[in-house]
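Just below is one structure, and these are the notes that go with it.
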Amino acid sequence: MKFFVDTADTDAIAELNDLGMVDGVTTNPSLILKAGRDILEVTKEICEMVAGPVSAEVVATEADAMIAEGRKLARIAPNIAVKVPLTWDGLKACKTLTDEGSMVNVTLCFSANQALLAAKAGATFISPFIGRLDDINLDGMELIADIRTIYDNYDFQTEILAASIRSPNHVLDAARIGADVATVPPGVLKKLADHPLTEKGLETFLSDWAKTGQKIL
Ligand code: G3P
């Protein structure tokens with residue numbers, strides 16, 4: 026499974042990138058707001074830091090304007106994936122931009138039929154939002170499983186990018202189902218390393234080691 030980091034915080038990206046954990050980055054207008062940075066400037070910085078796809082989202086709602094914004098975003102760097110919403114206009118923009126050779130991430134996907142349309146429109150990535158479905162008492166993971174089945178049935182090459190991930194269990198379940206990518210907030214990604222038995226075991230080892238009176242260095 027590939028890990029994308031779901032943030033526009035360049036310090037957080039740099040820290041995880043140094044560990045080799047970052048296969049790509051996703052941003053959206055809310056994350057740009059949170060970062061408090063100019064979209065073109067921060068996206069360029071992220072693209073220079075990370076070799077993999079960096080999603081940058083259009084904000085127009087009409088296809089022609091989305092395409093114009095997408096072209097401008099795509100010019101930032103070769104590793105830009107233009108992010109468009111899953112609307113008819115977004116699907117039109119997806120088709121045009123992918124035909125032009127850009128990577129396109131179709132976002133705000135909440136149903137398997139929407140994911141089917143995105144694949145037909147040539148999307149590079151489909152972003153089903155797990156957490157937001159769970160928030161309204163639906164099953165985000167069931168959506169990931171349905172999309173996996175449908176894409177495998179017809180050999181669609183669109184990658185399933187599990188998004189709106191809120192917990193380590195979301196990552197685990199998406200990996201079990203076979204999502205191609207999980208885009209994970211830095212805080213959740215770090216939590217994947219936590220286990221109380223690891224902490225407890227380390228405490229015991231260190232206290233026993235102190236009793237030996239030895240040093241390695
Ligand atoms: O990748 C989409 C993601 O940023 C949405 O997450 O937590 O705002 O639903 P959330």
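The sequence shown runs 26 to 242 under the numbering used here.
Don't be surprised by glycine CBs; every beta carbon is placed ideally from N, CA and C.
Just so you know, these numbers come straight off a predicted model, no measurement behind them.
Note on residue 176: 16 or more other CB atoms within 10 angstroms of its CB, so buried under the neighbour-count rule. Counted as a single uninterrupted DSSP element, the stretch harbouring residue 79 is not any alpha helix (DSSP H) but the beta strand (DSSP E) occupying residues 79–82. Runs of the beta strand (DSSP E) spanning 3 or more residues and lying entirely within the stretch 43–80 occur at 49–51, in chain order. Distances between the C-beta of residue 115 and the heavy atoms of ligand 1 are all 7 angstroms or more.
For residue 183, no beta strand (DSSP E) encloses it, and the DSSP letter there is neither H nor E. Relative to the non-hydrogen atoms of ligand 1, the Cβ of residue 191 comes within a distance shorter than 7 angstroms of at least one. Residue 115 is a Cβ neighbour of residue 109, given a cutoff of 8 angstroms. With a cut-off of 7 angstroms, the C-beta of residue 53 is classified as near ligand 1, since at least one heavy atom of the ligand falls inside that distance. Ligand 1 approaches residue 56 closely enough that one of its heavy atoms is under 7 angstroms from the residue's Cβ.
DSSP, reduced to helix, strand and coil, places residue 217 outside both helices and strands of the structure shown, so it counts as coil.
Of 48, 143, 134, 26, the smallest CA-CA separation from residue 182 is found for 143. DSSP places residue 124 in the uninterrupted alpha helix (DSSP H) bounded by 113–124. In the structure shown, the three-state DSSP call for residue 128 is strand. Taking a contact as a CB-CB distance under 8 angstroms, the pair residue 28 and residue 214 counts as one, their CB atoms being some 7 angstroms apart. Look at residue 208: its beta carbon is less than 7 angstroms from one of the heavy atoms in ligand 1. Rounded to the nearest whole angstrom, the CA to CA distance from residue 59 to residue 230 is 41 angstroms.
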